[in-house]
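Mind the numbering: the sequence shown is residues 0 to 87 in numbering that gives the first Met the number 0, read in order.
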Amino acid sequence: MSTLLLGRWDSGGNLVIEESHQIEDGDQTAVCTLVDEQDNENNDAWAGEFDVDRHRDAVQRAYEEYVAHEGTRLIDEAEGHEPLTDFD
Numbered sequence: 000m001s002t003l004l005l006g007r008w009d010s011g012g013n014l015v016i017e018e019s020h021q022i023e024d025g026d027q028t029a030v031c032t033l034v035d036e037q038d039n040e041n042n043d044a045w046a047g048e049f050d051v052d053r054h055r056d057a058v059q060r061a062y063e064e065y066v067a068h069e070g071t072r073l074i075d076e077a078e079g080h081e082p083l084t085d086f087d
């Protein structure tokens, strides 16, 4: 199983996670369908697939890979998980 996170970049440069889906590894059809449904006209949509089973682990990876180096925040509206910010 993998976790697909869907969200958007807000006006402050923060990554806001709005949805989380468990998908079978390699199910590209499911990924494409979910991503296509969440795209918007503002081009601020974001999606990331992570090879972890738990939402909280995917949120942590998203923070480390997409947010930490930018100095902004990851806001998890889907489940309210707060990523660890001191992971070195």
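Using N, Cα and C, we set each Cβ at its ideal position, and we do this for glycine too.
This structure is a prediction, so every number in the text was calculated from the model and none was measured.
Helix, strand or coil at residue i according to DSSP, with G and I counted as helix
i: Asp-75; result: strand
i: Arg-60; result: helix
i: Leu-33; result: helix
i: Arg-7; result: strand
Where residue i falls, given that 16 or more other Cβ within 10 Å makes a residue buried
i: His-54; result: buried
i: Gly-6; result: buried
i: Asp-85; result: exposed
i: Glu-36; result: exposed
Residues of its chain near residue i, where Cβ-Cβ distance is below 6 Å and the 5 sequence neighbours each way are ignored
i: Ala-29; result: Ile-22
i: Asp-24; result: Ser-1
Cβ shell of residue i (< 7 Å), same chain only, five flanking positions each side left out
i: Asp-9; result: Val-15
i: His-80; result: His-54, Arg-55, Val-58
Proximity winner among the options, relative to residue i (alpha-carbon distances)
i: Thr-2; options: Ala-67, Glu-36, Gln-59; result: Gln-59
i: Val-66; options: Val-51, Pro-82, Ser-19; result: Pro-82
i: Leu-4; options: Glu-69, Gly-70, Ala-61, Thr-71; result: Ala-61
i: Trp-45; options: Gly-25, Cys-31, Asp-26; result: Cys-31
i: Glu-78; options: Glu-36, Gly-25, Asp-56; result: Asp-56
i: Asp-52; options: Gly-12, Gly-11, His-20, Asn-13; result: His-20
Cβ-Cβ separation, residue j to residue i (assumed contact under 8 Å), whole Å
i: Glu-17; j: Glu-76; result: 5 Å
i: Glu-69; j: Gly-12; result: 6 Å
Cβ-heavy atom distance, residue i to the ligand PLP, below 7 Å
i: Arg-53; result: No copy of the ligand PLP occurs in the structure displayed, which carries no ligand at all.
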